[in-house]
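K.L.:
Mind the numbering: the sequence shown is residues 49 to 422 in our numbering, read in order. If you scroll down you'll find the structure; I have some questions about it.
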Amino acid sequence: MSTMQIDRLLDTVIKLGASDLHLTVGRKPTLRLHGGLKNLDTKVLEPDDMVTLMKAITPERSQNELQEVGSCDFGFAYGSAGRFRVSVFRQRGDIAIVLRLIPSRLLTFDEIGLPQQVQDLIRRPRGMFLVTGPTGSGKTTSLATMIDYINMNYERHIITMEDPIEYYHYHKKSILNQREIGNDTPSFAEALRRALRQDPDCILVGEMRDLETIEAAIRAAETGHLVFGTLHTTGAAKTIDRVVDAFPVTQQNQVRVQLSTALLCVLSQVLLGRVDKPGVVAGYEFLVVTPAVANLIRDNKTFRIDSAIQTGKKFGMQLLDEHLWSHYIAGRVSAEEMIDKCKNPQDLTERVHKLGRQVGRAELDSEEDKAADE
């Protein structure tokens, strides 16, 4: 296997529009395509192939890390076609590699279907904008789109802290500095602490992993910066609980008060495979912190946030399940996909049944019966 080979594989990823490439011993190179896995028609990978492929793309520093701790992450640009985020790790003593394609073209608000209100919120001079969702739900892409929008339209100093950097941004109307954890700075918390001395207007914290980072992010939002942060939570109410729960019990009341004033909104998202055409579509839950919502956060009544979202439609708010339902009714996603990704499967299953449809295998059977009857 020559380096030529890895180029061929990467070209295939780009040509087919796959999101990931999986390389592991005992299997052919495999693409993740529109959510499914698809083997490429080449030879089954052997241990030596994996070493060669790893060496072809892995920088020296990361190879040392792989030796020491058994895994490493890095990103590299692949011509003008895009960047790849790479994770190399050992398994059963062999090497495995997963490459995620980060397209070079940034999408627009309309293309990814972000709620309209987002554009108004990212003009704000201060506050915290949380984007949450499971791994691979498109958080990075949504944030890159927002950062790009600010970069094009406003004069701001934007500092991002990412692990690793995925989308590369260029200076437009704004000044944009991107710091990579492990490369430019040791940790999110350290980068955040320093950022406040770097005259930023907007700060993007790739991941709010630990208490120190969450604390620093809230402080930055309070002191007159627009802070974007991500968490791996699903749903707006859960996100607020997760932030509060990161703190010792004695500080939680104070944090609720801080959040009620600092938090602008929570955008929670999932990605769903489409049935109407190849590709994916995003489902969003969107909470805007109005004075009423701020009161709920302060009084520890997050269990009432969902009903606040329901009544907050005029502020652009929406519940995840409502958005998924609208995708389903419009024929963009299957009932199973909607049920898999929603928050209240039982509730949505009943709604499907009320339409006289079934979920899962039964849905397909009834379609076939209908065809047979005709």
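For glycine and all other residues, C-beta sits at the position ideal for the given N, C-alpha and C. Note that this is a predicted model, so its numbers are computed, not measured.
In or out: ASN199 buried (at least 16 other Cβ within 10 Å) or exposed?
P.N.:
Buried: at least 16 other Cβ atoms inside 10 Å.
K.L.:
Among residues of its own chain, excluding the 5 on either side of PHE363, which ones have a beta-carbon nearer than 7 angstroms to its beta-carbon?
P.N.:
The residues are GLN165, VAL336 and THR338.
K.L.:
I'd like the span of the alpha helix (DSSP H) that includes ILE160, first residue to last.
P.N.:
Taken as a continuous stretch (DSSP letters only), the alpha helix (DSSP H) holding ILE160 covers 157–160.
K.L.:
For ILE170, does the count of other Cβ atoms within 10 angstroms reach 16, so buried, or fall short, so exposed?
P.N.:
ILE170 should be labelled buried.
K.L.:
Counting only runs of 4+ residues fully inside the stretch 290–314, write out the alpha helix (DSSP H) ranges in chain order.
P.N.:
DSSP runs (the alpha helix (DSSP H)) wholly in the stretch 290–314: 297–310.
K.L.:
Tell me whether ILE377 is buried or exposed, calling it buried when 16 or more other Cβ atoms sit within 10 Å of its Cβ.
P.N.:
Looking at its Cβ environment, which holds fewer than 16 other Cβ atoms inside 10 Å, ILE377 is exposed.
K.L.:
Let me know the alpha helix (DSSP H) ranges lying completely inside the stretch 327–373, each 4 residues or longer, listed in chain order.
P.N.:
Segments of the alpha helix (DSSP H) lying fully in the stretch 327–373: 339–346 and 353–359.
K.L.:
My assumption, with CB atoms under 8 angstroms, is that ASN87 sits in contact with THR78. Please give the rounded CB distance.
P.N.:
Yes, they are in contact, since the Cβ atoms of ASN87 and THR78 sit about 5 angstroms apart, within 8 angstroms.
K.L.:
Whose C-alpha, out of PHE137, PHE122, ALA284 and ASN301, is nearest the C-alpha of GLU116?
P.N.:
Looking at the Cα atoms, PHE137 is the closest of the given residues.
K.L.:
Helix, strand or coil, according to DSSP, for MET386 in the structure here?
P.N.:
Three-state DSSP puts MET386 in a helix.
K.L.:
Just how far apart, CA to CA, sit ASN74 and ALA144?
P.N.:
A small correction: the amino acid at residue 74 is Gly; Asn does not occupy that position in the sequence shown. So the alpha carbons of these two residues sit roughly 10 angstroms apart.
K.L.:
Between HIS70 and the rest of its own chain, which residues show a CB-CB distance below 6 angstroms, the 5 nearest in sequence each way excluded?
P.N.:
These residues qualify, in order along the chain: THR78 and VAL146.
K.L.:
Nearest to THR183 by alpha carbon, out of THR278, PRO173 and SER110?
P.N.:
The shortest Cα separation from THR183 among THR278, PRO173 and SER110 belongs to THR278.
K.L.:
Along the beta strand (DSSP E) that carries VAL134, what are the first and last residues, could you check?
P.N.:
Start and end: 130–139.
K.L.:
If VAL329 and ARG380 are in contact, beta carbons under 8 angstroms, what's the gap, nearest whole angstrom?
P.N.:
The pair is a contact, with the Cβ atoms about 5 angstroms apart (cut-off 8 angstroms).
K.L.:
How would you write the range of the alpha helix (DSSP H) that ILE266 sits in, first residue to last?
P.N.:
Note, ILE266: alpha helix (DSSP H), 259–270.
K.L.:
Check for me: the alpha helix (DSSP H) holding GLN167 runs from which residue to which?
P.N.:
Per DSSP, GLN167 belongs to the alpha helix (DSSP H) from 165–169.
K.L.:
Do you know offhand how far GLU230's Cα is from GLN300's?
P.N.:
Note that residue 230 is Gly in the sequence shown, not Glu. Near 31 angstroms, if we compare the C-alpha coordinates of GLN300 and GLY230.
K.L.:
Do you know offhand how far ARG140's Cα is from MET98's?
P.N.:
Distance between the alpha carbons of ARG140 and MET98: 13 angstroms.
K.L.:
In chain order, what residues of the same chain have a beta carbon less than 7 angstroms from the beta carbon of MET365, not counting five sequence neighbours either side?
P.N.:
Correct list, in chain order: PHE334, LEU335, VAL336 and ILE357.
K.L.:
Using alpha carbons as the reference points, say which of GLY118, LEU191 and TYR215 lies closest to ARG3.
P.N.:
A query on residue 3 cannot be resolved here, the shown segment of the chain reaching from 49 to 422 and no further.
K.L.:
From the DSSP secondary-structure annotation, give me the bridge partner or partners of GLN317.
P.N.:
DSSP lists TYR332 as partners of GLN317.
K.L.:
Quick one, are the C-beta atoms of HIS217 and ASP249 less than 8 angstroms apart?
P.N.:
Taking 8 angstroms as the Cβ cut-off, HIS217 and ASP249 do not qualify as a contacting pair.
K.L.:
Let me know the secondary structure DSSP gives SER119 once reduced to three states.
P.N.:
Of the three classes helix, strand and coil, the one that applies to SER119 here is strand, per DSSP.
K.L.:
Between which two residues does the beta strand (DSSP E) harbouring GLN226 extend?
P.N.:
Run containing GLN226: 223–228, per the beta strand (DSSP E) assignment.
K.L.:
If we count the other Cβ atoms within 10 Å of its Cβ and call it buried at 16 or more, is GLY175 buried or exposed?
P.N.:
Under this definition GLY175 is a buried residue.
K.L.:
Sorted by chain position, which residues of the same chain lie with C-beta nearer than 8 angstroms to MET102's C-beta, five sequence neighbours on each side aside?
P.N.:
Correct list, in chain order: GLN111, LEU114, VAL136, ILE143 and ILE145.
K.L.:
Is the CB of LEU57 under 8 angstroms away from at least one CB in chain C?
P.N.:
As a matter of chain content, chain C is missing from the structure shown, which is built from one protein chain.
K.L.:
In whole angstroms, give me the CA-to-CA distance for ILE262 and LEU224.
P.N.:
Distance between the alpha carbons of ILE262 and LEU224 is about 22 angstroms.
K.L.:
Between which residues of its own chain and VAL303 is the CB-CB distance below 6 angstroms, once the five residues before and five after are set aside?
P.N.:
VAL292 and PHE295, listed in sequence order.
K.L.:
Using beta-carbon positions only, say whether ALA285 and ASP354 come within less than 8 angstroms of one another.
P.N.:
Their beta carbons are under 8 angstroms apart, which means ALA285 touches ASP354 by this criterion.
K.L.:
Taking the continuous beta strand (DSSP E) assigned at HIS205, which residues delimit it?
P.N.:
Note, HIS205: beta strand (DSSP E), 205–210.
K.L.:
Where do the ends of the beta strand (DSSP E) carrying HIS219 lie?
P.N.:
Unbroken run through HIS219: none, as it is neither H nor E.
K.L.:
Are the Cβ atoms of ASP289 and THR350 separated by less than 8 angstroms?
P.N.:
Closer than 8 angstroms, so yes.
K.L.:
Is VAL253 helix, strand or coil when you go by DSSP?
P.N.:
Three-state DSSP puts VAL253 in a strand.
K.L.:
For the alpha helix (DSSP H) containing LEU191, list its first residue and its last residue.
P.N.:
Taken as a continuous stretch (DSSP letters only), the alpha helix (DSSP H) holding LEU191 covers 187–201.
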